[in-house]
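All remarks here apply to the structure that follows.
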Amino acid sequence: MVDGIPVKTSLQRLGIVLDNSCDFCGEHCEDAQHIFRLCTLAKDVWRSSVLGILSNFNENLSIQDWILNYIQLFISLDGKLSYRIVSFIAILWAIWVTRNSRVFRSINGDTTAVQIQLRLAMEQHKVYKREEGANLGFLHPPEQMPIYPPGFFYANTGLQILPMSYRVLQIDGAWNKGTLRAGMGWILQQPNDAEFQGGCDYGLGHSTLHVEAMAFLRGLQWARNSSYEDIAVFTDSTTLVSYLQRQVKPNAQLTWTIEAIWDCGKKFRNCIINKVHRD
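Listed below in structure tokens is the structure:
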């Protein structure tokens, strides 16, 4: 599997003419060993992760053996359902996605960018394992989530189909059933910006899902008015993502809001909506 990853040295062996230096550090040839273990970015990511791995220890060990050794170690410590194996593989995936964004979209990747991708990968794993249901009661009741492979439960309303943006918009809302009053909030997280940006609004809602959709629309409108062209949106509502996938027809109270979200989403170059775990 590792040999099949299209790193630059592999492409060069196939006769493709290109600069094979690492796009992150520019100091070494880009092979799997360097990208996932020995690059400065990789070393920082592994060392600062929950696993606390010193990835440059025993550099002579091949990347295949290095990965296999850690998987066998975690199985021996935790069993075949080891959560550390999930974290280990998610870190590998996050490094690779960050690398692709750097190579193909010229986005400067750093440890924060990798951590955003890691968090998304872990959220998608929780969705896949159906562990999220008990924690969705804050805004709406638990939803029964179909089993999808990690990374497949999302909707794309943007103009282009691109890798997920590092610019993440998180939205949420709260609703009082007795008064119908609603509060909505959104926050934008960017990998190279220590400060958070966002906004809030209030109004009246018909249901918890209606409020979630209104919060979604307000957040998208704010991002568009702020001249952002490329965003990812996180929501904990499975139903909302299903509506935006056009697989399920919303009820009459939600139809206008869902269409407004689509109309706003089409104004972005890239706008991917991901279902994530509430925590």
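Going by this note's numbering, the residue at position 195 of the sequence shown is 353; the numbering climbs one at a time, nothing skipped.
All C-beta atoms in this analysis are idealised placements derived from N, C-alpha and C, irrespective of residue type, glycine included.
Helix, strand or coil at residue i [DSSP, three-state]
i, result
"F208", "A small correction: the amino acid at residue 208 is Val; Phe does not occupy that position in the sequence shown. Three-state result, V208: coil."
"Y228", "helix"
"L412", "helix"
"Q379", "helix"
"D388", "strand"
"G361", "strand"
"S179", "strand"
"C197", "coil"
"F262", "helix"
"K424", "coil"
"T270", "helix"
"R167", "Going by the sequence as given, residue 167 is Thr instead of Arg. Helix, per DSSP."
"Y306", "Because Y306 carries a pLDDT of 48, less than 50, the predicted location of this residue cannot be relied on, and no value is offered for it."
"R242", "helix"
Rounded straight-line distance, which links the Cα of residue j to that of residue i
i, j, result
"I265", "W204", "21 Å"
"N218", "V391", "41 Å"
"Y241", "E281", "13 Å"
"Y386", "V255", "21 Å"
"S400", "I389", "19 Å"
"V326", "N258", "17 Å"
"L250", "L362", "44 Å"
"R171", "Q347", "39 Å"
"N409", "K424", "22 Å"
"F354", "Q273", "16 Å"
"G103", "L276", "Here the chain comprises residues numbered 159 to 437, so residue 103 is not present and cannot be evaluated."
"T198", "N178", "17 Å"
"F194", "N314", "29 Å"
For residue i, the residue or residues it bridges with in DSSP
i, result
"N433", "Sequence inspection shows Lys at residue 433; the Asn mentioned does not correspond to that position. Answer is T393, bridged to K433."
"D330", "G343"
"Q355", "L346"
"Y312", "N432"
"C187", "S179"
With a cut-off of 8 Å, do at least 3 Cβ pairs link the segment 163-172 to the segment 188-207?
The segment 163-172 makes contact with the segment 188-207, as at least three CB pairs between them are under 8 Å.
Between the segment 392-408 and the segment 334-344, do at least 3 Cβ pairs fall closer than 8 Å?
No, the segment 392-408 does not touch the segment 334-344.
Would the segment 415-423 count as touching the segment 369-382 if we require 3 or more Cβ pairs under 8 Å?
Yes, they touch.
Would you be able to state if there are at least three C-beta pairs under 8 Å between the segment 232-247 and the segment 197-215?
Under the three-pair Cβ rule at 8 Å, the segment 197-215 counts as touching the segment 232-247.
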